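Peer 1:
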Amino acid sequence: MQALFTLKRTFITQSLRQLLPLPVRQWYWKLQAQRGHLSRNLGLTIANHRQPIYCRHIEILESYIPKPYSGEVCIIRAYAPPQYEHLLKPDLGWSAYAETKVWVNSGGHMSMFDRPHVELLAQQIDEILNFKTPSQTMSAPTSGD
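Numbering that gives the first Met the number 0 puts the first residue of the sequence shown at 0, with every later residue one more than the last.
Here it is, written out as structure tokens:
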């Protein structure tokens, strides 16, 4: 299974490196924004600037080997639609390395920083900083996410 994800990330990295012409980069980042992977407020200039950073991020992920951690890990994860929920472990695999607590935000990976999801994100961060347990009531994202 790990090899599958590595192959997928390698493919994504190589694909992004080939997205050099501006029209192609603009198309890619618009698509990512439509899918909720980028903030709706993120301009294309910033998105185009982020492409090499995103490629490097994928390369780092491929080479990272997590080690056990004796502390507690608090995870705020994006909402996953029911059709994708089975693909994700609730703790995103971190319980193999540390004790974990998981909060699920109603927004997507990037849209959780936009209203109305950012209010829940602030509440979740407050809970973490005040040593509270994860909220049990998590709403599904509103339409458009």
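In this text, a Cβ means the ideal position worked out from N, Cα and C, and glycines have one as well. The structure presented is a predicted model; accordingly, all values stated were derived computationally and were not measured.
#1: Consult DSSP for I74 and reduce its assignment to one of helix, strand or coil.
#2: State the start and end residues of the unbroken beta strand (DSSP E) segment that holds N104.
#3: Nearest to Y63 by CA position, among S69, G70 and R55, is which residue?
#4: Going by DSSP in three states, P67 sits in which element: helix, strand or coil?
#5: Should D90 and I75 be called a contact, given that it needs their Cβ atoms to be closer than 8 Å?
#6: Please go through the same chain and pick out, in chain order, the residues whose beta-carbon is closer than 6 Å to the beta-carbon of P65, but skip the five residues on each side of it.
#7: Is K131 helix, strand or coil by DSSP?
#8: I'd like the span of the alpha helix (DSSP H) that includes P81, first residue to last.
#9: Would you tell me roughly how many angstroms separate the C-alpha atoms of Q122 and E58, rounded to the nearest one?
#10: Quick check on R55: does DSSP put it in helix, strand or coil?
#11: Rounded to the nearest angstrom, how far is the Cβ of A77 from that of M111, given a contact under 8 Å?
#12: To the nearest whole angstrom, what separates the beta carbons of T132 and K88, a pair I think is in contact under 8 Å?
#13: What number of angstroms, rounded off, separates the C-alpha of K29 from the C-alpha of H108?
#14: Would L119 and N104 be called neighbours here (beta carbons separated by less than 8 Å)?
Peer 2: Looking at the coordinates:
#1: strand
#2: E98 to N104
#3: R55
#4: coil
#5: no
#6: Y96
#7: DSSP places K131 in coil when its eight states are reduced to three.
#8: Per DSSP, P81 belongs to the alpha helix (DSSP H) from P81 to E84.
#9: Looking at the two C-alpha atoms, the distance is approximately 33 Å.
#10: helix
#11: Taking C-beta atoms under 8 Å as the contact rule, A77 and M111 qualify, at a distance of about 6 Å.
#12: The Cβ separation is near 19 Å, so there is no contact.
#13: Pairing K29 with H108, the inter-Cα distance amounts to about 16 Å.
#14: yes
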